[in-house]
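Numbering (this note's numbering), first residue to last: 1 to 124.
Put into structure tokens, the structure is as follows:
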């Protein structure tokens with residue numbers, strides 16, 4: 001009997017610069033988003049006035065760990081460096097659209113197939 005791999009729902013990340021909150025917060029984990037996350041983000045009071053704020057609300061809902069922070073709010077994420085925000089946007093899109101942060105690769109010289117993580121925009 002073949003047992004399928006369980007669905008991966010949480011993904012680790014490392015911010016290129018980090019969120020400065022007195023302590024530099026760089027390592028974190030993000031869970032997969034749900035339709036409910038997207039709907040609730042669009043109903044958020046700040047998003048009603050500033051639609052571009054939706055990404056901060058959405059990220060605050062799916063980031064389950066960021067350094068030593070117990071919770072992550074949209075207001076916390078307002079203090080991200082733009083490089084880190086770009087990284088998190090791309091990371092969010094990749095894990096929610098592709099299902100992982102890895103890409104299948106084929107070596108043209110030896111024909112070996114393997115997976116690698118694509119360097120995200122913003123990674124050092």
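Here a beta-carbon is modelled for each residue, glycine too, at the ideal position from N, C-alpha and C.
The structure displayed is predicted, hence computed values, not measured ones.
### Task
Please report the residue range of the alpha helix (DSSP H) in which residue 48 lies.
45 to 49
### Task
Report the rounded CA-to-CA distance for residue 134 versus residue 49, giving the unit in angstroms.
Here the chain covers residues 1 to 124 and nothing more, so residue 134 does not appear.
### Task
Using only alpha-carbon positions, find the residue among 77, 9 and 110 that is nearest to residue 33.
9
### Task
Quick one: grab the DSSP three-state call for residue 88.
helix
### Task
Tell me whether residue 20 is buried or exposed, calling it buried when 16 or more other Cβ atoms sit within 10 Å of its Cβ.
exposed
### Query
Can you check whether the CB of residue 57 is closer than 8 angstroms to the CB of residue 46?
yes
### Task
Go ahead and label residue 41 buried or exposed: buried means 16 or more other beta carbons lie within 10 angstroms of its beta carbon, across all protein chains shown.
buried
### Task
Select from 98, 7, 88 and 109 the residue whose C-alpha is nearest the C-alpha of residue 26.
88
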